Amino acid sequence: MRRYLPFIIVIFVALLAVGGGAYFYRIKRSANATPKISKTETEKSGESVHVLGPADAAVTLEEFGDFQCPPCGKLSEPINQLQKQYNLRVIYREFPLPNHAHAQEAAFAAEAAAQQGRFWQMHDLLYREQAVWSNSTDARALFNAYAGMLQLDLDRFRKDMDSSEVQRQVDLDQHRGAAIGVKNTPTIFLNNEALQPNQINPTELPGVIEAAMKKAKPSS
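Counting with our numbering, you get residues 115 to 334 for the letters of the sequence shown.
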């Protein structure tokens with residue numbers, strides 16, 4: 115058995131390398147599968163907001179989210195699909211919860227990506243890979259890897275993650291949320307009206323959006 119041990123080790127390492135390569139290839143493809151225009155608007159208050167969809171959309175969906183929050187992760191792709199289907203205006207606000215160990219750093223990663231025009235790509239990738247980095251002992255290393263997959267300038271990304279500008283943006287979102295009564299994630303407003311917790315899930319949200327669209331249409 116001992117004489118075969120070196121061969122067994124070599125085979126094991128090779129399989130591990132292939133498996134790891136396949137994993138990173140998969141998330142690299144998913145990171146770049148559907149290009150998005152990352153739009154950041156500046157409001158009258160001077161704060162920046164991350165927006166998808168037209169400014170004159172009939173319905174605006176504003177989400178306060180936490181990248182480590184499992185229900186937020188389950189809503190991410192459904193909201194993407196609803197945005198396309200109904201041409202919604204979607205606004206994402208950072209609201210990392212203190213009970214999630216890596217949530218704040220994930221928010222910094224998304225905002226650092228925003229500095230290079232790739233907020234929504236990082237947003238989607240963080241939610242898609244949530245189960246991986248949430249359980250990691252070195253989430254920062256994974257965030258750097260995701261930045262590389264999004265073809266960001268890595269030196270700038272690392273500096274921006276620790277910058278006062280990025281931290282200020284997260285603080286502004288949290289302060290805005292706290293001022294209007296946000297306590298948990300996901301919290302969603304449709305045209306400035308808060309949804310009930312039982313409406314904020316992939317099953318109920320499409321019907322709520324459709325009703326809001328009908329309500330927003332002018333009567334003929």
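Ideal Cβ positions, reconstructed from N, Cα and C, are used throughout, including at glycine.
Predicted, not measured: the structure shown is a model, and the values here were computed from it.
Would you kindly report the start and end of the unbroken alpha helix (DSSP H) that includes residue i?
i      : result
Ser190 : 184-200
Asp238 : 233-242
Gly262 : 253-263
Lys273 : 268-275
Gly321 : 319-330
Gly291 : 278-293
Gln230 : Element bounds for Gln230: n/a, residue is neither H nor E.
Across which residues does DSSP place residue i in a beta bridge pair?
i      : result
Thr301 : Phe178
Ala308 : Phe303
Glu208 : Gly179
Leu166 : Val204
Let me make sure I understand the geometry here. Which of the options has the alpha-carbon closest to that of residue i?
i      : options                        : result
Ala223 : Thr299, Met327, Val280         : Val280
Glu176 : Glu318, Asn305, Lys328         : Asn305
Thr299 : Glu208, Asn194, Glu219         : Glu208
Gln244 : Lys198, Pro311, Ala220, Gly321 : Ala220
Met236 : Asn249, Ser250, Phe257, Val246 : Phe257
Pro212 : Asp285, Lys329, Lys331         : Asp285
Pro192 : Arg242, Arg270, Ala228         : Arg242
Met263 : Ser248, Leu240, Glu318, His214 : Leu240
Lys329 : Thr317, Ser278, Glu307         : Glu307
Mind checking whether residue i and residue j have CB atoms under 9 Å apart?
i      : j      : result
Ser190 : Asp238 : yes
Val204 : Gly231 : no
Val311 : Leu196 : Here the sequence assigns Pro to residue 311, which means Val is not the residue at that position. For Pro311 and Leu196, no; Cβs fall outside 9 Å.
Met327 : Tyr200 : yes
Ala349 : Asp274 : Lying before the first or after the last residue shown, residue 349 is absent from the chain, which here runs from 115 to 334.
Gln313 : Ile302 : yes
Leu202 : Val173 : yes
Lys198 : Asn315 : no
Arg272 : Gln229 : no
Val322 : Phe178 : no
His214 : Ser250 : no
*asked:* I want to know whether the region 181-201 touches the region 282-292 - three or more CB-CB distances under 8 Å.
replied: With a cut-off of 8 Å, the region 282-292 and the region 181-201 do not count as touching, because too few Cβ pairs lie within range.
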